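The sequence shown: position 119 = 124 (our numbering), numbered continuously.
Every residue gets a Cβ at the ideal spot worked out from N, C-alpha and C, and that includes glycine.
The structure displayed is predicted, hence computed values, not measured ones.
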Amino acid sequence: MITRRWLAAGAGGLLAVLAVGLFPANAAAGEPAAKESPKVELVLDVSGSMRATDIDGKSRMAAAKQAFNEVLDAVPDEVQLGIRTLGANYPGDDRQVGCKDTKQLYPVGRLDRTEAKTAVGTLAPTGWTPIGPALLGAADDLKGGDATRRIVLITDGEDTCAPLDPCEVARDIAAQGIHLVIDTLGLVPDAKTRNQLLCIAEATGGTYTSVQHTDELSGRVKQLVDRAATPVVKPVATEGAKSCEGAPKLGAGLYSDRETFGEHRWYRVDVRPGQELRASVSVSADRAVNNDYGVLLRASTTHGREIVRGSEAGDGRTDAISTGLRYPKPETGDEDTGTDGKPAAETVCLQVSNSFAAGPSVKTTPGLPVELTVDLVDAPDDASDVASFGLGRGWWLLAVLVLAGFLAGLVWGWISRWRVSVWRTN
């Protein structure tokens, strides 16, 4: 009984320490920035299947036109909007021709609502469903500049132009590092369509929505267009090295990279005395992977001595896994100064590793999406801040747990003896 109580007390102490150390206040990783007007292109399926009358008693095409008119009325002035169609022009049976049937209906730019509505009003369900070529065309329509970019794909069926797999197209777009997000909406989708649209969205960090009614379609598209107009932190593309030597040097900010299965990637951060390094990493499974995987974020000196680490494991129930760490570097008063007169910085090596694995049929390239956040803040000077004691370095944490368990055992032993003596007396 005493042993079980001692273990419970030790576990409670561990949870308390981790709660304080892993959830610091005022963590920040960069300021939102959106200097250019955001760009959005709506990609609409105009294939023959859009004639089906199963959305609020009218055809899918009629529902899409009504939703588009409502969306065009609500587009924020700062958004540059374009419209692209797929399957709108070729009614024949030639697969080779039908799979090239995608065209920009309205160019990406400042919106003329009347002109855009007129263009949409001329559409009629016609041909094939070349989703892959349409996504490539939309990505080309949005290229250039440094604005946030978003494609909103609206379709009622899966791609009919394989082997150009639209999911692979989306992964290739993501691998370009242009930070283009693809959101997908399925009109009364079946299982195959839902799976394909979900794969497209997940490959670029977008969302998938199943639509059964006209108001759902217009409301969701409005929401996505508004989201594009909201400033967000834009990751900076970087490429980690295979060792700390020669790794890219990062400052505070948000960074994106790609990492293959089981790979180790290295980055460097300069931390000055009086600063605290806060770092976190997320690795996304944008394709089918085996269950049981993990991610490790490790900080070490340039000589290989580990300073602190963070790790997390998963079992297939999530598409992204994240972990983080904190490393405070206190001022000692006898630091060497650099050429700028400030205390010399310590170079900290950050290692990102993953234990993802997949079956032989799963492509390993491009690598898994990695998002790394680095922040440098003032180091804690309050002794109540757990990080100021370096508990993340391991030995401090072990010592605290041993001491907590020892004291808990003494208290519980005294209480147990008191209860026994009272029982014998009575």
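DSSP places Lys227 inside the alpha helix (DSSP H), whose first and last residues are 219-234. By the 16-neighbour rule on beta-carbons within 10 angstroms, Glu83 is exposed. Counting only runs that start and end inside the segment 83-127, the beta strand (DSSP E) elements of at least 3 residues fall at 85-91, 107-114. Check the Cα spacing between Val274 and each of Cys249, Ala293, Asp262: the tightest is with Cys249. Taking the C-beta atoms as reference points, Val51 is found nearer than 9 Å to Gly92. Its chain contains Lys227 as the residues whose beta carbon lies nearer than 6 Å to that of Ala79, once the 5 sequence neighbours on both sides are disregarded; these appear in chain order. Between Gly364 and the set Ser64, Asp195, Lys254, Phe266, the nearest pair of CA atoms involves Phe266. For Ala350, the CB contacts under 7 Å within the same chain, skipping 5 residues up- and downstream, are Asp275, Val276, Arg277 in chain order. Here Val274 is bridged, per DSSP, to Leu255, Val353. In the structure shown, Glu173 falls within a helical segment according to DSSP collapsed to helix, strand and coil. Around the beta carbon of Ile178, 16 or more other beta carbons lie within 10 angstroms, which makes this residue buried. Per DSSP, the beta-bridge partners of Lys63 are Ile60. For His184, the number of other beta carbons within 10 angstroms of its own is at least 16, and it is reported as buried.
Tyr260 is positioned such that its CB atom lies no closer than 9 Å to that of Ala246.
Assigned with DSSP and collapsed to three states, Pro374 falls in strand.
Between Glu264 and Val375, the gap from beta carbon to beta carbon is short of 9 Å.
It is roughly 22 Å from the alpha-carbon of Gln71 to the alpha-carbon of Ile136. Pro348 has its alpha-carbon roughly 46 Å from the corresponding atom of Arg292.
With a beta-carbon spacing of about 18 Å, Val76 and Ser215 fall beyond the 8 Å limit used to define contacts.
Between the alpha carbons of Leu190 and Ile159 lies a gap of roughly 5 Å.
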